[in-house]
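Peer 1:
Protein chains in written order, with this note's numbering: chain A, 3 to 293; chain B, 90 to 353.
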């Protein structure tokens with residue numbers, strides 16, 4: 003009797019856990035199906051290649067021009083810019099916290115950096131829009147204080163906690179025997195960090211960067227506020243100092259004003275689908291970075 | 090310290106490579122070594138034996154200042170390398186560790202290729218590149234009796250080697266910086282008997298050109314490979330002399346008990 007109760011208990015726990023796991027998969031599939039359902043009608047208006055490579059996004063003109071290239075490139079600019087700022091900064095910060103800072107300082111610094119993640123994205127947008135943007139525009143003599151690189155900068159701040167925290171863990175987990183081995187060969191502390199510790203933590207650092215990137219590419223509110231929202235194709239490096247519009251910002255800005263079941267409406271869902279596919283592929287890669 | 094105890098510390102004849110004088114070492118408030126004075130001869134193998142926690146590993150780490158990696162560690166007394174105190178303020182620790190190489194208890198190859206592991210030291214200290222570096226890598230791997238096994242896979246990861254091969258790689262890595270002294274901290278404790286045998290063979294070959302100081306738990310190993318043996322107990326060196334004498338006719342009762350396996 004006792005045994006069968008224990009068995010039932012076991013069965014209940016197992017099924018609950020299995021259900022939780024299966025539900026997670028079902029939710030993802032449902033979201034995908036929903037996106038697909040609302041996106042597909044757009045293909046009666048334009049082909050996939052027209053949408054992805056079209057150079058003009060004018061959804062309210064007649065007929066609607068639904069080229070997403072400016073938006074895709076906008077996202078790419080902002081995200082790549084964010085990584086260029088966030089990875090060196092984050093890695094430097096992680097190395098400082100784990101290798102250089104005295105214990106007391108480390109205990110304060112790491113939670114502090116992690117607290118950056120608790121700041122709502124709208125606050126970052128606010129800071130960028132009202133303070134950093136105008137200040138940078140003034141400094142670099144730009145016509146407008148909303149541009150791609152500003153979005154990158156704000157996103158870099160937002161990706162920092164992820165990158166710092168996970169990289170720092172990876173660096174901390176490098177066995178002390180490797181450090182000793184390097185020091186005993188006459189390497190300095192700095193040589194040991196650069197040539198042994200950081201390379202040994204490489205896979206963790208790559209994972210950290212990819213997760214940070216995941217945060218950056220899906221971020222909406224901040225970029226909506228600070229990048230100026232001009233759906234133009236950014237050109238070269240100068241494109242970083244001009245307004246752009248990202249995929250996420252487009253959906254957020256236009257979804258409320260578009261008529262139900264119009265090509266514009268469906269096109270916004272297609273953007274969502276493209277974002278979904280990008281982040282999905284990206285997450286799949288971050289799960290198993292090389293090394 | 091009484092004169093009677095001093096008698097058990099032999100001062101070897103011939104050229105002395107490393108000598109400690111009244112060496113004390115502390116971890117915080119804990120005294121790990123007390124008054125260790127011992128002289129280790131050039132181009133010989135000196136074995137340090139004693140029960141766990143007796144200070145022999147701490148002593149070894151004093152000889153290339155690796156004890157300084159531990160924040161609380163502190164040293165009093167002198168360590169003379171070729172007659173110069175390595176704890177003087179103007180000692181270049183990088184140069185010191187080049188001259189006094191160290192092999193650790195567990196093989197600790199860097200997670201990079203076999204070649205890069207061996208080239209690590211030379212790349213740090215010199216601008217050697219290309220074929221010159223190839224030669225150093227080959228010479229060091231040959232010196233560590235590993236060349237034949239790895240010459241066709243120099244650019245594969247060192248982590249794929251067996252434990253014994255990894256330990257010989259670590260020896261090759263040290264040889265590549267051309268040290269004068271090799272400190273070995275229980276280099277065979279993580280290895281199987283075959284791999285241990287190869288390392289012991291290798292030590293006997295290396296003795297021709299290097300001064301070797303080995304810490305070991307294995308008394309057979311100490312008696313097989315070394316010419317001099319020091320017995321540590323509770324942070325003091327109890328007895329130091331020719332290996333044969335220590336194992337066959339120890340002067341101190343405690344040494345006798347230990348080498349006969351009565352405690353340890």
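Every residue, glycine too, gets a C-beta built ideally from N, C-alpha and C. What you are looking at is a predicted structure, and each value in this text was computed from that prediction instead of being measured.
Where do the N-terminal and C-terminal ends of the alpha helix (DSSP H) with residue 297 of chain B fall, by residue?
Peer 2: Here residue 297 of chain B belongs to no alpha helix (DSSP H), and DSSP marks it neither H nor E.
Peer 1: Suppose you measure from the CA of residue 227 of chain B to the CA of residue 245 of chain B; what does that come to, to the nearest Å?
Peer 2: Distance between the alpha carbons of residue 227 of chain B and residue 245 of chain B is about 15 angstroms.
Peer 1: What do you reckon, are the CB atoms on residue 135 of chain B and residue 302 of chain B nearer than 7 angstroms?
Peer 2: yes
Peer 1: Are residue 153 of chain A and residue 86 of chain A close, meaning C-beta to C-beta below 7 angstroms?
Peer 2: no
Peer 1: For residue 327 of chain B, report the span of its beta strand (DSSP E) as first-last.
Peer 2: 325 to 331
Peer 1: Keeping to the same chain, check which residues put their C-beta closer than 7 angstroms to that of residue 306 of chain B; ignore five residues upstream and five downstream.
Peer 2: 275, 278, listed in sequence order.
Peer 1: Checking 7 angstroms against the spacing of the C-beta atoms, do residue 168 of chain A and residue 92 of chain A come in under that value?
Peer 2: Cβ distance not < 7 angstroms, so residue 168 of chain A and residue 92 of chain A don't count as in contact.
Peer 1: Return no unless some Cβ of chain B is closer than 7 angstroms to the Cβ of residue 56 of chain A.
Peer 2: no
Peer 1: Mind listing the chain B neighbours of residue 286 of chain A? Cutoff is C-beta to C-beta under 8 angstroms, in chain order.
Peer 2: The contacting residues do not exist; residue 286 of chain A stays about 25 angstroms from chain B at best.
Peer 1: Start and end of the alpha helix (DSSP H) containing residue 194 of chain A?
Peer 2: 191 to 194
Peer 1: By DSSP, does residue 340 of chain B sit in helix, in strand, or in coil?
Peer 2: Under the three-state reduction of DSSP, residue 340 of chain B is assigned to coil, being neither helix nor strand.
Peer 1: Anything in the region 154 to 170 of chain B with a Cβ closer than 7 angstroms to a Cβ of chain A? List those residues in chain order, please.
Peer 2: 155, 158
Peer 1: Assuming residue 218 of chain B is part of the beta strand (DSSP E), what are its boundary residues?
Peer 2: It is not in any beta strand (DSSP E) - residue 218 of chain B carries neither H nor E in the DSSP assignment.
Peer 1: Less than 7 angstroms between C-beta atoms, sequence neighbours within five positions excluded: which residues of the same chain meet that for residue 151 of chain A?
Peer 2: 83, 242, 243
Peer 1: Using the C-alpha atoms, what's the distance from residue 315 of chain B back to residue 338 of chain B?
Peer 2: 16 angstroms
Peer 1: Please identify the residue among B:202, B:266, B:103, B:149 whose C-alpha is closest to the C-alpha of residue 241 of chain B.
Peer 2: B:202
Peer 1: So, under 8 angstroms CB-CB, residue 153 of chain B and residue 186 of chain A are touching, yes? Tell me the CB distance rounded to an integer number of Å.
Peer 2: 7 angstroms
Peer 1: Can you give, in chain order, each stretch of the beta strand (DSSP E) that sits fully within the region 115 to 175 of chain B and has at least 3 residues?
Peer 2: 119 to 130, 134 to 138, 162 to 170
Peer 1: Have a look at A:227, A:176, A:245 and flag the residue whose alpha-carbon is nearest the alpha-carbon of residue 233 of chain A.
Peer 2: A:245
Peer 1: Measuring alpha carbon to alpha carbon, tell me which of B:231, B:97, B:266 ends up nearest residue 217 of chain B.
Peer 2: B:266
Peer 1: Taking Cβ-Cβ distances shorter than 9 angstroms, what residues in chain B pair up with residue 201 of chain A?
Peer 2: Within 9 angstroms Cβ-Cβ: 199, 200, 201.
Peer 1: Taking DSSP as the reference, what is the three-state secondary structure of residue 92 of chain B?
Peer 2: Low confidence applies to residue 92 of chain B: its pLDDT is 42, below 50, so where it sits in the model is not reliable, and the reading given next is rough at best. Here residue 92 of chain B sits in helix by DSSP.
Peer 1: Check distances from the C-beta atoms of the region 160 to 194 of chain A to those of chain B and list, in chain order, the residues that come in under 8 angstroms.
Peer 2: 177, 179, 180, 181, 182, 183, 184, 185, 186, 187, 188, 189, 190, 193
Peer 1: Is any heavy atom of the ligand SAH found at a distance shorter than 6 angstroms from the C-beta of residue 91 of chain A?
Peer 2: The model on display carries no ligand, and the ligand SAH is accordingly not part of it.
Peer 1: Leaving out five residues on either side along the sequence, give the residues of the same chain with a beta carbon under 8 angstroms from the beta carbon of residue 198 of chain B.
Peer 2: Once the five neighbours on either side are set aside, the close Cβ partners of residue 198 of chain B are 206, 247, 248, 250, 255, 258, 259, 262.
Peer 1: Check this for me: beta carbons of residue 144 of chain B and residue 330 of chain B, under 7 angstroms apart or not?
Peer 2: no
Peer 1: Taking 8 angstroms as the threshold, find out whether the region 156 to 164 of chain B comes into contact with the region 106 to 126 of chain B through three or more Cβ pairs.
Peer 2: Result yes; three or more Cβ-Cβ pairs closer than 8 angstroms.
Peer 1: Mind checking whether residue 235 of chain A and residue 75 of chain A have CB atoms under 7 angstroms apart?
Peer 2: yes
Peer 1: Can you tell me the Cβ-Cβ gap for residue 208 of chain B and residue 222 of chain B, rounded? I've got them flagged as a contact below 8 angstroms.
Peer 2: 6 angstroms
Peer 1: Could you give the distance in angstroms between the alpha-carbon of residue 148 of chain B and the alpha-carbon of residue 97 of chain A?
Peer 2: Cα-Cα distance, rounded: 31 angstroms.
Peer 1: Beta-carbon of residue 191 of chain B versus every beta-carbon of chain A: anything under 7 angstroms?
Peer 2: With 7 angstroms as the cut-off, residue 191 of chain B counts as an interface residue toward chain A.
Peer 1: Does DSSP put residue 19 of chain A in a helix, a strand or coil?
Peer 2: helix
Peer 1: Quick one: is residue 112 of chain A buried, meaning 16 or more other Cβ sit within 10 Å of its Cβ, or exposed?
Peer 2: buried
Peer 1: Please confirm whether residue 135 of chain A and residue 228 of chain A have their CB atoms less than 7 angstroms apart.
Peer 2: yes
Peer 1: Counting only C-beta atoms, is residue 198 of chain A closer than 7 angstroms to chain B at any point?
Peer 2: yes
Peer 1: Checking 7 angstroms against the spacing of the C-beta atoms, do residue 147 of chain A and residue 158 of chain A come in under that value?
Peer 2: No, Cβ-Cβ distance for residue 147 of chain A and residue 158 of chain A is not below 7 angstroms.
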